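To start, the structure under review is shown below, and the notes come after it.
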Amino acid sequence: MSITNFLEKNPDILTKLENNYLEFPGTIQEQGILLVLQEPELIILQASENIFKIWGLGATELINQHISKFLSQSELETLQKQINQENIEDYNPIQ
Numbered sequence: 000m001s002i003t004n005f006l007e008k009n010p011d012i013l014t015k016l017e018n019n020y021l022e023f024p025g026t027i028q029e030q031g032i033l034l035v036l037q038e039p040e041l042i043i044l045q046a047s048e049n050i051f052k053i054w055g056l057g058a059t060e061l062i063n064q065h066i067s068k069f070l071s072q073s074e075l076e077t078l079q080k081q082i083n084q085e086n087i088e089d090y091n092p093i094q
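The sequence shown begins at 0 in numbering that gives the first Met the number 0 and counts up by one.
Right under this line is the structure:
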């Protein structure tokens, strides 16, 4: 299931997120996921266990798969655009 499909099936999720704050620093929120991608190929190296709630697949099933198998074309284009930003640190909360 793509992120767009997930949002279509759960339209109230964005409203719930408006007032949500990070309760436990260093953890993944219930509505969030974590993916580690290998660049430039965009192969999934790691995925958080809660990915099942979003895509209906276990984290181990995603390993070594190309991210395009799980995103719509527009989502993939948005991801690539963000990755290709000159100032990637502006989009990286860890930096």
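A virtual CB, placed ideally from N, CA and C, is assigned to each residue, including glycine.
In this text the structure is predicted, and so the values were computed from the model without any measurement.
| Chain-order list of residues whose beta-carbon lies under 8 angstroms from that of Val35 (same chain, five-residue window excluded) | If we look at Val35 and ignore the five residues flanking it on each side, its Cβ neighbours are Ile43, Leu44, Gln45, Ala46.
| said: Within 10 Å of its beta-carbon, does Ile53 have 16 or more other beta-carbons around it, so buried, or fewer, so exposed? | reply: With 16 or more other Cβ atoms within 10 Å, it is buried.
| Assigned exposure category for Leu33 - 16 Cβ within 10 Å defines buried | Exposed, because fewer than 16 other Cβ atoms sit within 10 Å of the Cβ of Leu33.
| query | Taking the alpha-carbon positions, what's the Leu75 to Leu41 distance? | reply | Those two C-alpha atoms are separated by around 10 angstroms.
| request: For Pro92, name the three-state secondary structure that DSSP assigns. | output: Interpretation of Pro92 is limited by its pLDDT of 48, a score under 50 that renders its predicted location unreliable; the figure taken from the coordinates is listed afterwards. Reduced to three states, the DSSP call for Pro92 is coil.
| query | In its own chain, which residues sit with a C-beta less than 8 angstroms from the C-beta of Ala58, not counting the 5 before and 5 after it? | reply | Non-local C-beta neighbours of Ala58 in its own chain, meaning closer than 8 angstroms and more than five positions away in sequence, comprise Gln45, Ala46, Ser47, Glu48, Ile50, Phe51, ordered along the chain.
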